[in-house]
Amino acid sequence: MDYEPPVPPPLSQIALKNTTTGANIDITDGDTITIMGDDGDVIWRLIGLNAPESTEPGFDEARDALADIIDNADEVTVAVFNQELFGTKQRQYTTDGGAIVHRDRYFGWLYIDGIPLFDPLQFSPTNIRGAATGGEIHDYAALLEAERQKRERR
60 MDYEPPVPPP
70 LSQIALKNTT
80 TGANIDITDG
90 DTITIMGDDG
100 DVIWRLIGLN
110 APESTEPGFD
120 EARDALADII
130 DNADEVTVAV
140 FNQELFGTKQ
150 RQYTTDGGAI
160 VHRDRYFGWL
170 YIDGIPLFDP
180 LQFSPTNIRG
190 AATGGEIHDY
200 AALLEAERQK
210 RERR
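Heads up, the sequence shown stops at 213 in my numbering, and the numbers go up one at a time, no gaps.
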């Protein structure tokens with residue numbers, strides 16, 4: 060059986076979303092961002108992107124590449140849809156000064172100026188979120204342009 064990766068819908072079809080500018084976003088790494096807001100900061104693990112972790116080669120390059128795309132965008136949106144398949148939240152436990160602390164991390168799709176940024180090759184029947192530990196340095200600009208062209212042809 061062939062596997063078809065998910066296709067994010069147009070933003071106009073998504074009710075649950077957060078739109079901001081790059082000035083309100085902290086780039087954690089190449090697949091995780093924090094949106095800073097008046098009601099607190101929200102950590103987002105981006106669906107369909109899988110970048111190197113901080114201890115892996117390429118971490119800085121992946122983080123900087125995502126930062127460049129976000130910083131040059133007019134609008135950045137993180138959207139949640141199809142929650143039954145992708146889920147919405149993950150609780151993480153880390154140590155901070157010897158104490159165990161937890162934080163919630165949400166799963167969402169990243170849209171840059173209305174175009175979803177994701178790598179369809181990251182998805183598989185066993186990795187439905189396209190999110191795993193470790194990863195690669197994505198050519199974010201090329202992924203975004205490919206998706207833009209696909210949507211123009213529809």
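Glycine included, C-beta positions come from ideal geometry on N, C-alpha and C.
In whole angstroms, give me the CA-to-CA distance for residue i and residue j.
| i | j | result |
| --- | --- | --- |
| Ile129 | Tyr62 | 30 Å |
| Thr136 | Ile94 | 10 Å |
| Tyr170 | Ala201 | 14 Å |
| Glu134 | Asn83 | 11 Å |
| Leu180 | Asp198 | 13 Å |
| Asp123 | Gly89 | 8 Å |
| Ala121 | Thr78 | 22 Å |
| Gly107 | Gly167 | 9 Å |
| Glu211 | Thr80 | 24 Å |
| Leu75 | Ser113 | 30 Å |
| Pro54 | Asp163 | Limits of the chain in this structure are 60 at one end and 213 at the other, which puts residue 54 out of reach. |
| Tyr165 | Pro175 | 17 Å |
| Asp127 | Arg213 | 28 Å |
| Trp103 | Ala138 | 10 Å |
| Gly173 | Leu203 | 10 Å |
| Ala208 | Ser71 | One detail in the question is off: residue 208 reads as Gln in this sequence, not Ala. Each residue's alpha carbon lies about 18 Å from the other. |
| Asp119 | Asp100 | 22 Å |
| Asn186 | Gly96 | 31 Å |
Less than 8 Å between the CB atoms is what I'm expecting for residue i and residue j, so what's the real figure, rounded?
| i | j | result |
| --- | --- | --- |
| Ile196 | Ala110 | 7 Å |
| Phe182 | Ile73 | Not really, about 19 Å apart at Cβ, beyond 8 Å. |
| Leu296 | Ile92 | The displayed coordinates of the chain run from 60 to 213. Any statement about residue 296 would go beyond what the structure contains. |
| Pro69 | Phe177 | So it is not a contact: roughly 14 Å between Cβ atoms. |
Could you check if residue i is buried or exposed, using at least 16 other CB atoms within 10 Å of its CB as the buried criterion?
| i | result |
| --- | --- |
| Leu125 | buried |
| Asp98 | exposed |
| Glu206 | buried |
| Pro184 | exposed |
| Pro116 | exposed |
> Where in the segment 102–140 do unbroken runs of the alpha helix (DSSP H), each at least 4 residues long, occur, reported from the N-terminal end onward?
Replying inline: Here the runs fully enclosed are 118–130.
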